[in-house]
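**Student:**
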Amino acid sequence: MSYTPSEIEAKWQKQWEEEQAFEPSDSHTQPKKYILSMFPFPSGRLHMGHVRNYAIGDALARYYRKQQFNVLHPIGWDAFGMPAENAAIKHGRHPKEWTYSNIDYMRNELNTLGLSFSKTREFATCDPLYTKHEQKFIIEMFEKGLLYRESTTVNWCESCHTVLANEQVEEGCCWRCDNPVELKEMPGYYLDIIRYADELLEDLAQLEGKWPSQVITMQRNWIGKSQGLAFAFELTEESKAKLGGKFERYEVFTTRPDTIYGVTYSALAPEHPITKHLVDHGLLETEVAEKIKTIANMSEVDRAKREKEGYPLGISVIHPLTGEEIPVWTANFVLASYGGGAVMAVPAHDERDFEFATKYGLPIKRVIEGGEELPYTGSGTLVESGRFSCVESDEAKIAIINYMEEEGKGKGTTNYKLRNWGVSRQRYWGAPIPFVHCPSCGLVPEKFENLPIALPDDVEITGEGNPLENHPTWKHCHCPKCGGEAVRETDTLDTFVQSSWYQFRYATNPKKWEEVGIDKEDADYWLGVDQYIGGIEHAILHLLYARFFTKVLRDLGYHDVDEPFERLLTQGMVLKDGAKMSKSKGNTVDPDALVAKYGADTARLFILFAAPPQKELEWNDSAVDGAFRFIKKLYDRKSKVTGNTLPDIDHGILNKESKLARVKVYEALQKSTEVYEKSFAFNTLIAACMEALNALDKQDDGDVWTEGMYIMLNLLEPIIPHVATELSETLFARANFGGRIEVKEEVFVQESILYVVMIGGKKRTEIEVDPAASQEEILALAKEAGEKWLQGMQVVKEIVVPNKLVNLAVKPS
RNA sequence: GCGGAUGUGGUGGAAUUGGUAGACACGCCAGACUUAGGAUCUGGUGCCUAACGGUGUGGAGGUUCGAGUCCUCUCAUCCGCACCA
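Residues in the first sequence are numbered consecutively from 0, following numbering that gives the first Met the number 0.
(1) Is Thr3 helix, strand or coil when you go by DSSP?
(2) Among Ala602, Ala506, Gly533 and Glu513, whose alpha-carbon lies nearest the alpha-carbon of Val560?
(3) Roughly how many angstroms separate the alpha carbons of Tyr634 and Glu565, rounded to a whole number?
(4) Pick from Gly187, Trp11, Pro186 and Leu753: whose alpha carbon is nearest that of Leu112?
(5) State the beta-bridge partners of Lys575 as determined by DSSP.
(6) Compute the Euclidean distance between the alpha carbons of Gly313 and Val327, then round it to the nearest angstrom.
(7) Kindly indicate which three-state DSSP category Lys632 falls into: helix, strand or coil?
(8) What residue range is occupied by the uninterrupted beta strand (DSSP E) comprising Ile777?
(9) Do the stretch 70-84 and the stretch 115-130 meet, that is, are 3 or more Cβ pairs less than 8 Å apart?
(10) By DSSP, does Gln226 sit in helix, in strand, or in coil?
(11) Secondary structure at His90, three-state DSSP: helix, strand or coil?
(12) Go through the stretch 381-429 residue by residue and report every complete run of the beta strand (DSSP E) that reaches 3 residues or more, in order.
(13) May I ask you to report which of helix, strand or coil DSSP gives Met757?
(14) Could you give the distance in angstroms between the alpha-carbon of Arg504 and the alpha-carbon of Trp428?
(15) Count the other C-beta atoms from every protein chain shown that fall within 10 angstroms of the C-beta of Gly737, then say buried if there are 16 or more, exposed otherwise.
(16) Do you know how far the Cα of Val486 is from the Cα of Ala60?
(17) Helix, strand or coil: how does DSSP classify Val278 here?
(18) Is it buried or exposed for Met711, if we count other Cβ within 10 angstroms and need 16 for buried?
(19) Could I get the ranges of all uninterrupted alpha helix (DSSP H) runs contained in the stretch 290-333, with 4 residues as the minimum, in chain order?
(20) Would you report the Cα separation of Glu6 and Glu445, rounded to the nearest angstrom?
(21) Are the stretch 24-39 and the stretch 529-538 in contact at 8 Å, needing three or more beta carbon pairs?
(22) Ordered along the chain, which non-local residues of its own chain (more than five positions away) have a Cβ less than 6 Å from that of Tyr63?
(23) Take the Cβ of Arg424 as the centre, count every other Cβ of all protein chains shown within 10 Å, and call the residue buried at 16 or more, exposed below.
(24) With DSSP collapsed to three states, give me the class of Phe232.
(25) Provide the residue(s) that pair with Leu492 in DSSP beta bridges, ordered along the chain.
(26) Alpha carbon to alpha carbon, how far is Leu182 from Ser42? Give it in angstroms, no decimals.
(27) Figure out for me which residue from Leu668, Thr216, Trp525 and Phe731 has the closest Cα to the Cα of Pro30.
(28) Measuring alpha carbon to alpha carbon, tell me which of Ala667, Met792 and Glu250 ends up nearest Ala231.
(29) Applying the criterion that 16 or more other CB atoms from any shown protein chain within 10 Å of the CB defines a buried residue, is His49 buried or exposed?
(30) Please state the DSSP three-state secondary structure of Pro23.
(31) Less than 6 Å between C-beta atoms, sequence neighbours within five positions excluded: which residues of the same chain meet that for Phe434?
(32) Just the C-alpha distance for Leu145 and Leu190, rounded to the nearest angstrom, thanks.
(33) Assign Phe172 to one of three DSSP states: helix, strand, or coil.
(34) Three-state secondary structure (DSSP) at Tyr505?
(35) Report the rounded CA-to-CA distance for Trp500 versus Leu616, giving the unit in angstroms.
(36) Quick test of your reading: Gly385 and Tyr260, contact by CB under 8 Å. State the CB separation rounded to the nearest angstrom.
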């Protein structure tokens, strides 16, 4: 009978469903593996990137299940978010209806791929039950002071009508819709991720070698820790008076306290309160004030692209060590969001300060020796630095910090580039932030017993404004504290909040889902995720947030896990015609069509064979044919099998071809452990199986065939589960899926060994050598075989590499 | 500019500690069979050469009996961050 994937696949998918074959055991005594592919957003249809992601995860889950591990391999839906609302605006569908019907469709698509997911642990993050527990976490974070509300300048995406976190701004544009981001002052909720910056940074060391180094570096840079000195510049009396006594001093931060004697001016961000005060109170020339306002309205990216620009503010500060008067400027290169929005400028030893000073003719004073030209940003001996002259930079940094601390003028400080995580979104399709604004009590969290604060279903989604804000009744409520009339918060949580703890939700036994968000015992058993698989695009966003949440939830007592994802594999993109598959480019390959034509096994085989998982995968239709051909051939060779169990084979009596076939089969078996547990180079394992099948085909021993198929089906089941299970069931009653198969070393023992003979570093000929031959015998044989090339030559060195080659180094005699 | 990665046939990609470069597959060429198929099977296929042989892992050096692999320099491509004081 020929290979009919549709029948075989439907049959086994049904059987797996009936057997509940992929549910983990509730027992916590067995060794476990938690294999997790990043959960999908229910956009409507699966794409090839999903197929790749889940094919990799499924291969690992199935492999470990076969090695007798208790395997958790769950799937769910990252279901809140903008596209649901866009669908509502465009097609008039309710986000909830759109989302859940997409989930139903995509769940079915996943089924046809034969993925071994747990069915009982599936959930969508928009389920009110999920929201309920999340809101509780958020309130607990508020009570711990980790969540706070503040009005500040935020990134605003006009097309998404919402605020974005710093991590969600890419090159000045919205990560989702690519619209330029604007700055806007508005209130919002923030999670104090900076409080965890040090731990997030330090624990990256634990992930070394287990996460791609690229991702670790990106996170390290994103956190951007730097150490230095923070100190205050005291305003001159005259300047204080000019500012109406509103300001006495302002703080600056420097990583180069050793250059402090080289300060020749100070610069404030255009948003700095002092700059604002001067602008707002007409203390600057109108023209200058206008220019400053223009800069302040520009996004950081726009500013970065422009030439340095600044204006003197007509005020001065006093140098804390020299007592000199220093002019204060405002400048477009000073960031409001870092280091207090103010800098000390040392043009001699900083490129930006130099550029600015040169443009505006400000003085430049060298205080570090070294380099021929200025600016010199390296280290060296201090000069013209008062009592610190002649000290080396490194020493001087410490000495100056110490001195400033003793004098009460400054403090050694750590600064981070990382900003606190803004989690409020002015959108409908998200988890409501469970707070109430009470005219008498202020900001009050909801009572736990009132959770979840669920979304109202009867909303009108027009794209204008926040539907929760516009809803006639939803936001009106009573204060949980005083009972008086109050107004509900209408902002919803960033969807990255949901994906920050889903790994714990899966681990929690579904029987407890109603009651608890995370079960401690379950979480401690299952976490960390042994292998996490997903796209590199989450290197910072999701992976940083999830690490942060893990630590916060640990400190709230929910579990004892420090890092959520033990090992991380970042899969490469799926390309066609050299570009990422996308609808707009029209270069997509539809997974459903592929499965319909070839079956899921071929789709999975091709995807794992075409490239190592970490690399980009270029789609190739005819290579898909090749994968299909291999499965057909494998299926066809079932007729060669003569026994129903692993046979005992007397290796000695076999002919050469059969011996070679066994070598190939066992080589594949040897390779499989390393591939499934370490390298994930499925392409090489599949190649090894192809070699084995080719070698089996060149011989006709029934036992060798039986053994070969017995082993190969075991190795291939994680990759092509339907056809492998079908064959294994018919041929071996699935006995070959029982556990690890032992490698028979005797197969690798050879009667003679092929040595390559190299003369003068070049391959010249080959010799067959008895395995027992001594080094002298091998050399004698090699010289005899290589006589032709040795004439007129003198052998100056003889090298024998056991089982490999002989190299004779020669020179003309 | 800073940081990270990658460069191997026509293509995707293989190559323990440095030890026969190009496994496996696609494509291509030739042939067989034929119920004429986008089927199956057999053989060939890095480049130059009629052949002997030479040459070959982005480029240039170096270490070594021996380098895709190690070292130095250099070029190209991709990705991330981007005035972080």
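The beta-carbon is built from N, C-alpha and C at its ideal position, and this holds for glycine as well. Just so we're clear, the structure is a prediction, and the values are computed from it rather than from any experiment.
**Tutor:** The answer reads as follows:
(1) Mapped onto the first sequence, residue 3 falls at position 4. Thr3 falls in the coil class under three-state DSSP.
(2) For the purposes of this step, residue 560 is taken as the residue at position 561 of the first sequence. The candidate whose alpha carbon is nearest that of Val560 is Ala506.
(3) By one-based count along the first sequence, residue 634 stands at place 635. By one-based count along the first sequence, residue 565 stands at place 566. C-alpha separation (whole angstroms): 38 Å.
(4) By one-based count along the first sequence, residue 112 stands at place 113. Of all alpha-carbon atoms in Gly187, Trp11, Pro186 and Leu753, the one lying nearest the alpha-carbon of Leu112 is that of Trp11.
(5) One-based indexing of the first sequence puts residue 575 at position 576. Paired residue(s): Ala578.
(6) Walking along the first sequence from the start, residue 313 turns up at place 314. Walking along the first sequence from the start, residue 327 turns up at place 328. Distance from the CA of Gly313 to the CA of Val327, rounded to the nearest whole angstrom, comes to 7 Å.
(7) As a position in the first sequence, residue 632 is number 633, starting the count at 1. The DSSP-derived three-state label of Lys632 is helix.
(8) Walking along the first sequence from the start, residue 777 turns up at place 778. In the DSSP assignment, Ile777 falls outside any beta strand (DSSP E) and lies within the alpha helix (DSSP H) extending over Gln774 to Ala784.
(9) With the cut-off at 8 Å, the stretch 70-84 and the stretch 115-130 touch.
(10) Start at 1 with the first residue of the first sequence, and residue 226 comes out as number 227. Three-state DSSP puts Gln226 in a strand.
(11) The count along the first sequence starts at 1 and reaches residue 90 at position 91. In the displayed model, His90 falls within a helix according to three-state DSSP.
(12) DSSP runs (the beta strand (DSSP E)) wholly in the stretch 381-429: 409-415.
(13) As a working note, residue 757 is residue 758 in the first sequence. In the structure shown, the three-state DSSP call for Met757 is strand.
(14) Counting from one through the first sequence, the residue named residue 504 turns up at place 505. Counting from one through the first sequence, the residue named residue 428 turns up at place 429. One Cα belongs to Arg504, the other to Trp428, and the distance between them is close to 21 Å.
(15) Taking the first residue of the first sequence as position 1, residue 737 is located at position 738. With fewer than 16 Cβ atoms within 10 Å of its Cβ, Gly737 is classed as exposed.
(16) Position 61 of the first sequence, counted from the first residue, corresponds to residue 60. Position 487 of the first sequence, counted from the first residue, corresponds to residue 486. C-alpha separation (whole angstroms): 48 Å.
(17) Locating residue 278 in the first sequence gives position 279, where the first residue counts as 1. In the three-state scheme derived from DSSP, where H, G and I count as helix and E and B as strand, Val278 is classed as helix.
(18) Looking up residue 711 in the first sequence gives position 712. Flag for Met711 reads buried.
(19) Fully enclosed alpha helix (DSSP H) runs of no fewer than 4 residues occupy 299-304 of the stretch 290-333, in order along the chain.
(20) Counting from one through the first sequence, the residue named residue 6 turns up at place 7. Counting from one through the first sequence, the residue named residue 445 turns up at place 446. Using only the alpha carbons, I get a separation of about 54 Å.
(21) Judged by Cβ distances under 8 Å, the stretch 24-39 makes contact with the stretch 529-538, as three or more pairs qualify.
(22) In the first sequence, counting from the first residue as 1, residue 63 sits at position 64. Cβ neighbours of Tyr63 beyond the five flanking positions: Lys32 and Val70.
(23) For the purposes of this step, residue 424 is taken as the residue at position 425 of the first sequence. It counts as buried.
(24) Within the first sequence, numbered from 1, the residue matching residue 232 stands at position 233. Of the three classes helix, strand and coil, the one that applies to Phe232 here is strand, per DSSP.
(25) The residue labelled residue 492 in the question sits at position 493 within the first sequence. Ser423, per the DSSP bridge assignment.
(26) By one-based count along the first sequence, residue 42 stands at place 43. By one-based count along the first sequence, residue 182 stands at place 183. Their backbone Cα atoms lie some 30 Å apart in a straight line.
(27) Taking the first residue of the first sequence as 1, we reach residue 30 at position 31. Between Pro30 and the set Leu668, Thr216, Trp525 and Phe731, the nearest pair of CA atoms involves Trp525.
(28) Sequence index remark: in the first sequence, residue 231 carries index 232 (1-based). The shortest C-alpha to C-alpha distance from Ala231 to any of Ala667, Met792 and Glu250 is the one to Glu250.
(29) Stepping through the first sequence from its first residue, residue 49 is reached at position 50. Buried: at least 16 other Cβ atoms inside 10 Å.
(30) As a working note, residue 23 is residue 24 in the first sequence. Coil, per DSSP.
(31) Position 435 of the first sequence, counted from the first residue, corresponds to residue 434. Leu442, Pro444 and Glu488.
(32) Counted from its first residue, the first sequence places residue 145 at position 146. Counted from its first residue, the first sequence places residue 190 at position 191. Approximately 6 Å between the Cα atoms of the pair.
(33) Working through the first sequence from its first residue, we reach residue 172 at position 173. It is Cys, not Phe, that sits at residue 172 in the sequence shown. Judged by DSSP in its simplified three-state form, Cys172 adopts strand.
(34) Along the first sequence, read from residue 1 onward, the residue named residue 505 stands at position 506. Residue state, collapsed to three classes: helix.
(35) Start at 1 with the first residue of the first sequence, and residue 500 comes out as number 501. Start at 1 with the first residue of the first sequence, and residue 616 comes out as number 617. Trp500 and Leu616: Cα-Cα distance of roughly 30 Å.
(36) In the first sequence, the residue the question calls residue 385 occupies position 386. In the first sequence, the residue the question calls residue 260 occupies position 261. Yes, they are in contact, since the Cβ atoms of Gly385 and Tyr260 sit about 6 Å apart, within 8 Å.
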